[in-house]
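Asker: Start counting the sequence shown at 319; every next residue gets the next number (the working numbering).
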Amino acid sequence: MKLPITVSHSSPATNAVVLIAVVAAGAALYWLRDILTPLAMALFLMIMIDGVKRAIERRTPVPPRFAGAAALIVVVLGFLLSIWIIVDGAAGFFTDASGVAGSIGPRIDQISRDVSALVGVSDPPTLQDMIAGIDVRGWLTTTAFQVQGAATGAFFVMIYLGFLLASQAGFRKKMVGMFPERGPRQEALEVFERVRGGVEGYLWVQAVTGAMICAVAWVLMRAVGLQNAEFWTFVIFIVGFIPVLGGAVAGCAPPLFALVQFESYWPALILFVGLQTLLFLVGNLVQPRMQGDNQNIDPIVVLLALAFWGKLWGVAGMFLSTPLAVMAMAILAEFKGSRWIAVLLSGDGEPYAAKRPGKVKDKGAEEGAVQKPSVWGRSSWLRRIRGRDVPPQT
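Below is the structure:
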């Protein structure tokens, strides 16, 4: 196992500095959320583009010089299409095209009467009574501003992404300038590789398991005759990238909509039981086998990261919570003073992934030998960055 970097320090002074730095960093992340959120999403998309590019190079006959453009088109169109489908589908619920919007009020009144009769309440509340103390107009205004903010945020994400892609050309020179010697440069690139591998592994696992869930969920929704089944299938796939909360939305939203659409309670009950069983099986049997070393994070850390980044950055923070936790664990593991935090964040007490065949295990040999291209061979620009030692500038 690679030893962490040792930094000389005084314990009380360091603890005080770390505490102040954490508080200051949290405040800065909250105050600058309008700027940092689209930037973080752009970095996330950039990692996705790099992963899709390498997948295209390995598994398709597309020439390598066109793989980057193809990956960019696929990821950007997928991102914009996802936003459009969500916004357009949500707006469709406020129209009477499906006939469901007009029956929401009477159906909720009927559900209230049935539930009240079941528990022995003689005067059940109506929908008007339930929303009497709610500022519906203010809620709709807030929702409209949030939708507008999502569209504006998507525009800034694309702007940031364009500049990040343009700056990739100078990244090699920057790395060589920051780390002239090959040894430190190799360690920095290993950190980047662990971060990238963790993010890509998270995306792969969530995408594959999400596709499994969506296929079965679509069959269930079509079997009971739920309207807008395709829209709900897409929503289930998207929210699947949000830990914990995504499963709750996927398992409860379609059954609640079925309560409004159907006069009988059986379709909603079938959907609820079927979706909850499906999510339980995938979450406890399929996902743990697929995750492997890519998501070596303690489950409680996933929950805390979801709450923390959701509080700071809202929905975008929820999507990015697990990748950001992977990034934090990889960076904290590099320093002796903070490695204990990385150990606590990890799932098995070992923040470093298992060594792969072909990689040098001895750190002393690492300085005098070049590692076999097992991991690095997957990315040509990483091989170029490793390069030769550069003499210090005088």
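The beta carbon of each residue, even a glycine, is placed where N, CA and C say it ideally should be. The structure presented is a predicted model; accordingly, all values stated were derived computationally and were not measured.
According to DSSP, what are the bridge partners of ILE615?
Answerer: ILE615 pairs with SER664.
Asker: Among TRP402, LEU479, ALA387 and GLN428, which one has its Cα closest to the Cα of LEU357?
Answerer: Ranking TRP402, LEU479, ALA387 and GLN428 by Cα distance to LEU357 puts LEU479 first.
Asker: Less than 8 angstroms between the beta carbons of PRO561 and SER664, yes or no?
Answerer: Contact: no.
Asker: Could you tell me whether the Cβ atoms of ARG657 and ALA648 are closer together than 8 angstroms?
Answerer: Against a cut-off of 8 angstroms, the Cβ pair of ALA648 and ARG657 comes out as no contact.
Asker: Please report the distance separating the alpha-carbon of MET366 from that of ALA389.
Answerer: Cα to Cα, the separation comes out at about 9 angstroms.
Asker: Report yes or no: do three or more beta-carbon pairs, one from the region 578–590 and one from the region 497–514, lie closer than 8 angstroms?
Answerer: Contact fails: fewer than three Cβ-Cβ distances are below 8 angstroms.
Asker: Using only CA atoms, which one of PHE598, PHE555 and PRO424 lies nearest to GLN579?
Answerer: When each option's Cα is compared against that of GLN579, the closest is PRO424.
Asker: Just how far apart, CA to CA, sit GLU548 and GLY488?
Answerer: Taking the straight line from one Cα to the other gives about 43 angstroms.
Asker: Smallest Cα separation from ALA623: which of VAL526, ALA660, ILE353 and PRO641?
Answerer: If we check each option's Cα against that of ALA623, PRO641 comes out closest.
Asker: Which of helix, strand or coil does DSSP assign to PHE575?
Answerer: DSSP places PHE575 in helix when its eight states are reduced to three.
Asker: Under a Cβ-count criterion, where at least 16 other Cβ atoms within 10 Å of its own Cβ denotes burial, should PRO381 be classed as buried or exposed?
Answerer: Exposed, by the Cβ-count rule.
Asker: How many angstroms separate the CA atom of VAL509 from the CA atom of PHE653?
Answerer: Distance between the alpha carbons of VAL509 and PHE653 is about 12 angstroms.
Asker: Locate the alpha helix (DSSP H) running through PRO585, then write down its first and last residues.
Answerer: Looking at the DSSP string, the run of the alpha helix (DSSP H) that includes PRO585 is 584–599.
Asker: Thinking C-beta only, is LEU538 closer than 8 angstroms to LEU593?
Answerer: Yes.
Asker: Which of the three DSSP states is assigned to GLN545 in this structure?
Answerer: In the structure shown, GLN545 sits in coil (DSSP, three-state: anything other than H, G, I, E or B).
Asker: According to DSSP, simplified to helix, strand and coil, what is THR527?
Answerer: Three-state DSSP puts THR527 in a helix.
Asker: Please classify PRO669: is it buried, with 16 or more other beta-carbons within 10 angstroms of its beta-carbon, or exposed?
Answerer: The residue in question, PRO669, is buried, as its Cβ has 16 or more Cβ neighbours within 10 Å.
Asker: Taking all protein chains shown into account, decide if ALA297 is buried (16 or more other Cβ within 10 angstroms of its Cβ) or exposed.
Answerer: Nothing about residue 297 can be reported from this structure: the residues present for the chain run from 319 to 712 only.
Asker: If we call anything under 8 angstroms between Cβ atoms a contact, is LEU597 one with GLY632?
Answerer: Not in contact: LEU597 and GLY632 (Cβ atoms no closer than 8 angstroms).
Asker: Only counting the same chain, and skipping five residues up and downstream in sequence, which positions put a Cβ closer than 6 angstroms to that of MET476?
Answerer: Closer than 6 angstroms at the Cβ level, and outside the excluded window around MET476, lies no residue.
Asker: Hey, out of MET645, THR470, LEU354 and ALA568, whose CA is closest to GLU518's CA?
Answerer: Among MET645, THR470, LEU354 and ALA568, the Cα nearest to that of GLU518 is on MET645.
Asker: What whole-angstrom Cβ distance do GLY667 and VAL661 have, given they're in contact under 8 angstroms?
Answerer: Right, their Cβ atoms sit about 5 angstroms apart.
Asker: With DSSP run on the structure shown, which of helix, strand or coil describes ILE338?
Answerer: If DSSP states are grouped into helix, strand and coil, ILE338 belongs with the helices.
Asker: Quick check on the burial criterion: 16 or more other C-beta atoms within 10 angstroms. Buried or exposed for ARG503?
Answerer: With 16 or more other Cβ atoms within 10 Å, it is buried.
Asker: GLY558 to ALA339, Cα distance in whole Å?
Answerer: The straight-line gap from Cα to Cα measures roughly 33 angstroms.
Asker: By DSSP, does ILE426 sit in helix, in strand, or in coil?
Answerer: Here ILE426 sits in helix by DSSP.
Asker: Nearest CA to the CA of ALA535: which residue from TRP550, PHE474, ASN614 and MET636?
Answerer: Answer by Cα proximity: TRP550.
Asker: For PRO442, name the three-state secondary structure that DSSP assigns.
Answerer: If DSSP states are grouped into helix, strand and coil, PRO442 belongs with coil.
Asker: Using a Cβ-Cβ cutoff of less than 6 angstroms, which residues in the same chain neighbour CYS570 once the five nearest sequence positions on both sides are dropped?
Answerer: Closer than 6 angstroms at the Cβ level, and outside the excluded window around CYS570, lies no residue.
Asker: State the DSSP-derived secondary structure class of PRO498, mapped to helix, strand or coil.
Answerer: In the structure shown, PRO498 sits in coil (DSSP, three-state: anything other than H, G, I, E or B).
Asker: Rounding to the nearest angstrom, what Cα-Cα distance links GLY471 and ILE401 in this structure?
Answerer: The alpha-carbon atoms of GLY471 and ILE401 are separated by roughly 11 angstroms.
Asker: If the criterion is Cβ atoms closer than 8 angstroms, does the pair ALA385 and ILE403 meet it?
Answerer: For ALA385 and ILE403, no; Cβs fall outside 8 angstroms.
Asker: Would you mind reading off the limits of the alpha helix (DSSP H) that contains THR355?
Answerer: It spans 351–377 - the alpha helix (DSSP H) in which THR355 sits, taken as one unbroken run.
Asker: When DSSP labels each residue in this structure, what does GLY635 get in the three-state scheme?
Answerer: It is helical.
Asker: Check this for me: beta carbons of THR355 and ALA634, under 8 angstroms apart or not?
Answerer: Closer than 8 angstroms, so yes.
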